[in-house]
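S.K.:
Residue numbers (my numbering), protein chains in the order written: chain P, 1 to 470; chain Z, 471 to 940.
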């Protein structure tokens with residue numbers, strides 16, 4: 001990080017001195033990911049700086065930029081410059097960029113691509129947004145099953161430069177049906193005369209074009225793959241997804257899940273690049289929904305006002321009970337949501353999970369109930385004198401007013417029952433959501449908390465009526 | 471998934487019929503990751519089934535198993551069998567397994583390794599748990615800078631079989647100082663006579679052995695690397711981290727962050743494999759801490775009991791105010807925590823973030839305050855009659871008791887102030903945690919909620935005293 005800062009400072013001075021030769025030397029050895037960060041620090045000079053880069057580095061750096069900057073650069077480019085950059089890009093990167101550009105820029109990009117590329121881009125653009133097809137590249141190595149390793153290596157040498165990966169080569173029949181794969185490692189370690197079909201692995205893992213990209217990433221992580229082939233409905237190979245794109249998908253999906261769990265609409269832009277209005281729009285719907293659903297708690301509290309007024313000190317424990325219930329339910333729901341997301345938990349495990357949560361919640365509930373009981377008697381009653389306006393305290397540390405003991409029992413019992421129901425709701429809602437094909441991530445703390453709030457209030461008022469005869 | 475189920479059913483029948491030949495045929499073509507799931511369905515037969523696998527598949531499947539099953543298998547193995555499995559494994563996998571095994575099993579593994587391997591294992595075991603050194607492998611290809619591409623390819627052919635990857639080869643000097651790297655793609659596409667130093671890339675990204683493994687994964691994702699070299703304090707190459715291990719780290723770290731954000735101690739085992747007691751132990755500390763910290767809210771409520779009793783309907787809105795504050799603060803904190811984790815946000819962005827959150831929170835707060843105002847007047851007052859015991863309602867839809875309007879104003883103003891402070895706390899606490907090198911993930915909803923609960927109560931009582939003169 002400090003290194004980047006130094007480069008930015010140096011660049012600032014060089015720009016002021018118009019020392020373009022030195023700038024060229026400074027930039028030419030940087031990593032594309034760093035370079036994009038550096039250039040974005042000079043929004044007014046970005047076009048000039050970009051034109052000082054070697055062609056391949058310029059293209060790689062372009063891919064890493066924020067779409068606003070890409071758009072600005074593209075509009076400043078001549079047709080020829082667009083062509084030069086686009087020629088250097090892999091198809092999947094071109095498609096990613098096109099997806100973010102306005103119509104007139106897209107038109108210029110397509111106009112400056114050769115007809116073959118244009119056709120492929122248009123094909124890929126047709127796949128749904130979250131599908132394997134939308135993130136695949138068509139630049140892979142395919143081999144005939146009857147050729148020798150020597151011929152295969154020759155073919156790779158001839159065509160490999162433009163392929164996104166040459167490390168997994170796909171063996172296909174004449175009509176492009178996927179037959180198997182060989183790795184570059186196998187090819188390098190095999191004898192030159194070996195026939196591909198003798199060393200190819202026929203147990204090949206593949207996905208269909210319409211498969212969810214999250215599933216693609218999970219499969220690649222599970223089977224430790226560097227590339228995953230994508231086939232169409234006739235099982236013909238149409239593209240591959242490479243591991244670097246799978247990593248991006250994993251990161252995005254984790255971020256999206258985390259955002260949904262915190263009651264937000266996921267944003268597809270980094271936080272600092274998102275406008276205040278967009279952030280507001282992502283956050284406000286759930287805030288309003290959850291606020292409205294709190295109507296239930298207000299109604300319950302106000303309709304039991306007479307009971308609560310009869311023993312007004314009970315009010316003091318409502319936030320603690322609701323808080324504990326929400327936290328306990330949140331813990332369980334988040335565990336289940338994440339387990340479902342990374343395929344560690346399946347819907348069919350529902351009974352195992354209920355049994356487990358029943359036992360965990362009983363343990364947690366009992367512990368917390370005991371802690372609450374002790375806390376109410378010694379901290380709230382003896383130390384903080386919360387009960388003093390209603391029930392007499394006493395210097396004798398072991399004197400407890402029977403009413404206070406009874407209230408402590410009511411609160412503790414409420415805690416126990418609340419924790420048990422919160423944890424059961426916390427595990428059932430996400431599984432239910434998954435079962436009916438909703439997104440389990442929405443069933444996290446905020447929603448669980450609102451449900452548990454209502455439930456814990458009813459339990460509290462119920463136990464209080466029963467034991468305090470109010 | 472259905473496919474796995476079918477295989478398990480088929481296997482069940484074959485086991486009953488003692489048809490070991492058919493079992494062998496059934497298992498030999500499966501993927502290691504699937505195979506481990508299948509074998510774990512037959513805990514009593516796992517040793518028998520395992521011995522039916524081809525040697526290399528057996529080893530790869532062994533790596534994928536849960537550590538309990540690995541331990542059981544290892545104890546049932548003869549010394550020779552241990553040796554056979556360990557010989558097939560990559561060093562980093564062996565180390566992962568050893569880290570989970572009890573001392574006597576570790577002893578047997580080390581006893582059955584050759585002296586060279588034993589030395590390397592002991593070296594890697596010395597690195598701290600979360601460091602780059604602990605996840606690296608020592609099986610990489612290193613090349614001399616003066617040799618030709620032809621010689622390099624020969625060297626790869628000779629030694630490549632046991633290397634975890636041959637796709638990135640590291641160029642080192644005599645004393646193993648890292649000079650650069652060449653990819654297998656470069657080697658394959660270059661002329662045979664080219665000298666390595668002419669095509670090697672000297673801008674090499676590397677990490678030190680003590681670097682956090684989370685940083686390793688971030689670097690690999692940022693620069694799209696298939697392998698990242700690890701060097702010691704003298705910049706000598708000691709190992710590499712491959713992308714499959716980086717993916718595992720990313721997945722683990724995301725899960726850990728999510729667990730921490732939901733107030734749990736992260737577990738290193740999958741949920742279904744974690745015992746009820748361990749789950750309890752991971753969840754109870756935060757539940758107790760948060761419950762105890764709710765003492766503040768109880769104390770505040772009880773010390774203002776007289777004020778709340780003077781206008782008892784105010785009680786009904788406490789959960790809604792606390793809930794909205796908690797949700798708003800949770801949204802912000804989670805956004806910032808995730809941004810910090812994936813390096814999209816830096817501590818130095820703190821002023822930008824505060825400015826942004828101030829504006830977002832003002833927008834969200836105003837929207838929510840207006841919604842609350844309308845809701846209280848039309849839903850709570852007119853529709854649900856929450857105020858009826860205290861203030862008269864009227865069939866005229868446009869008649870509002872001035873006291874009710876005043877209460878609605880107090881609640882709405884409280885909401886506005888609560889949202890603003892919740893969002894500011896929600897962004898400041900994680901950044902502060904990062905700054906003082908604590909884990910930002912802990913500063914998520916549950917903790918924020920507890921802080922916001924206290925604050926929102928004080929704001930509520932403050933505004934109520936001011937505007938209702940109670």
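Think of the CB as a built atom: it goes at the ideal place given N, C-alpha and C, for glycine as much as any other residue.
(1) Along the region 264 to 278 of chain P, what residues have a CB closer than 8 Å to any CB found in chain Z?
(2) Which residues in the same chain as residue 186/P place their Cβ atom closer than 6 Å to its Cβ, once the five residues preceding and following it in sequence are excluded?
(3) Check whether the Cβ atoms of residue 751/Z and residue 734/Z lie closer than 8 Å to each other.
(4) Quick one, which of 825/Z, 628/Z, 672/Z and 570/Z has its alpha-carbon nearest residue 640/Z's?
(5) In terms of alpha-carbon separation, which member of 354/P, 167/P and 373/P lies closest to residue 758/Z?
(6) State the CB to CB distance for the pair residue 525/P and residue 814/Z, rounded to an integer number of angstroms; the pair is presumed to be in contact (CB under 8 Å).
(7) Do the region 399 to 414 of chain P and the region 366 to 384 of chain P meet, that is, are 3 or more Cβ pairs less than 8 Å apart?
(8) Under the three-state reduction of DSSP, which class applies to residue 816/Z: helix, strand or coil?
(9) Using alpha carbons as the reference points, say which of 643/Z, 610/Z and 852/Z lies closest to residue 636/Z.
(10) Buried or exposed: residue 629/Z, going by 16 or more other Cβ atoms within 10 Å of its Cβ?
(11) Using CA atoms only, rank isn't needed, just tell me which of 536/Z, 802/Z and 926/Z is closest to residue 790/Z.
(12) Drop a sphere of 10 angstroms on the beta-carbon of residue 259/P, count the other beta-carbons inside from all chains shown, and report buried for 16 or more, exposed for fewer.
(13) Cβ of residue 236/P less than 8 Å from any chain Z Cβ?
(14) Going along the chain, which unbroken runs of the alpha helix (DSSP H) with 4 or more residues stay wholly within the region 192 to 235 of chain P?
(15) Assign residue 157/P to one of two classes, buried (16 or more other C-beta atoms within 10 Å of its C-beta) or exposed (fewer than that).
(16) Assuming the contact rule is C-beta atoms closer than 8 Å, residue 831/Z and residue 918/Z should be a hit. Round their C-beta distance to whole Å, please.
(17) Does the CB of residue 647/Z have a neighbour CB from chain P at under 8 Å?
(18) For residue 809/Z, which option in 914/Z, 612/Z and 504/Z has the closest C-alpha, if you only look at C-alpha atoms?
(19) May I have the straight-line CA-CA distance separating residue 589/Z from residue 583/Z, to the nearest angstrom?
(20) For the region 777 to 801 of chain Z, enumerate the residues whose C-beta is nearer than 8 Å to any C-beta of chain P, in chain order.
(21) On the DSSP letters alone, give me the boundaries of the alpha helix (DSSP H) that residue 461/Z sits inside.
(22) Can you tell me which of the three DSSP states residue 745/Z falls into?
(23) Quick one: measure Cβ to Cβ for residue 800/Z and residue 446/P, integer angstroms, because I've assumed they're closer than 8 Å.
(24) Whole angstroms is fine: what's the gap from residue 126/P's alpha carbon to residue 111/P's?
(25) Strictly below 8 Å CB to CB, what residues from chain P border residue 620/Z?
(26) Have a look at residue 192/P and residue 573/Z and give me their C-alpha separation to the nearest angstrom.
(27) Just checking my contact of residue 326/P with residue 452/P at CB under 8 Å: how many whole Å lie between their CB atoms?
(28) In chain Z, what lies closer than 7 Å to residue 294/P by C-beta?
(29) At a CB-CB cut-off below 9 Å, which residues of chain Z make contact with residue 122/P?
(30) In terms of residue numbering, what span does the alpha helix (DSSP H) encompassing residue 594/Z cover?
(31) Between the region 389 to 398 of chain P and the region 428 to 440 of chain P, do at least 3 Cβ pairs fall closer than 8 Å?
(32) Closer than 7 Å by beta-carbon distance: list the chain P residues that pair up with residue 732/Z, in chain order.
(33) Tell me which residues share the same chain as residue 559/Z and place their Cβ nearer than 6 Å to its Cβ, disregarding the 5 neighbours each side in the sequence.
(34) Of all the options 417/P, 334/P, 27/P and 355/P, which has the alpha carbon lying nearest to the alpha carbon of residue 369/P?
(35) Against residue 409/P, what residues of chain C qualify as contacts under a CB-to-CB distance less than 8 Å, listed in chain order?
(36) Under 7 Å between beta-carbons, which chain P residues line up against residue 859/Z? List them in chain order, please.
M.R.: The short version:
(1) Listed by position along the chain: 264, 270, 271, 272, 276 and 277.
(2) 199
(3) no
(4) 672/Z
(5) Of the candidates 354/P, 167/P and 373/P, the one whose C-alpha sits nearest the C-alpha of residue 758/Z is 373/P.
(6) Any property of residue 525/P remains undetermined from this structure, which presents chain P solely from 1 to 470.
(7) When C-beta atoms of the region 399 to 414 of chain P are compared with those of the region 366 to 384 of chain P, three or more pairs fall below 8 Å, so the two segments count as touching.
(8) coil
(9) Minimum Cα distance to residue 636/Z is reached at 610/Z.
(10) Its Cβ having fewer than 16 others within 10 Å, residue 629/Z is exposed.
(11) 926/Z
(12) It counts as buried.
(13) no
(14) 196 to 199 and 213 to 222
(15) exposed
(16) In fact, because the Cβ distance is near 13 Å, the residues do not count as touching under 8 Å.
(17) Output row for residue 647/Z: interface = no.
(18) 914/Z
(19) Their Cα atoms are separated by approximately 9 Å.
(20) 778, 779, 782, 783, 785, 786, 787, 788, 789, 790, 792, 793, 794, 796, 797, 798, 800 and 801
(21) Absent from the structure is residue 461/Z, since the part of chain Z shown begins at 471 and ends at 940.
(22) coil
(23) 7 Å
(24) 18 Å
(25) The contacting residues do not exist; residue 620/Z stays about 13 Å from chain P at best.
(26) Across the structure, residue 192/P and residue 573/Z are spaced so that their CA atoms are roughly 47 Å apart.
(27) 5 Å
(28) 789, 790 and 793
(29) Neighbours of residue 122/P in chain Z, taken as residues at a C-beta separation under 9 Å, are lacking, since the least C-beta distance is about 26 Å.
(30) 585 to 595
(31) no
(32) Going along chain P in sequence order, the residues near residue 732/Z (Cβ under 7 Å) are 330, 331, 334 and 445.
(33) 529
(34) 417/P
(35) Here chain C cannot be found, since the structure's protein chains are P and Z.
(36) 305
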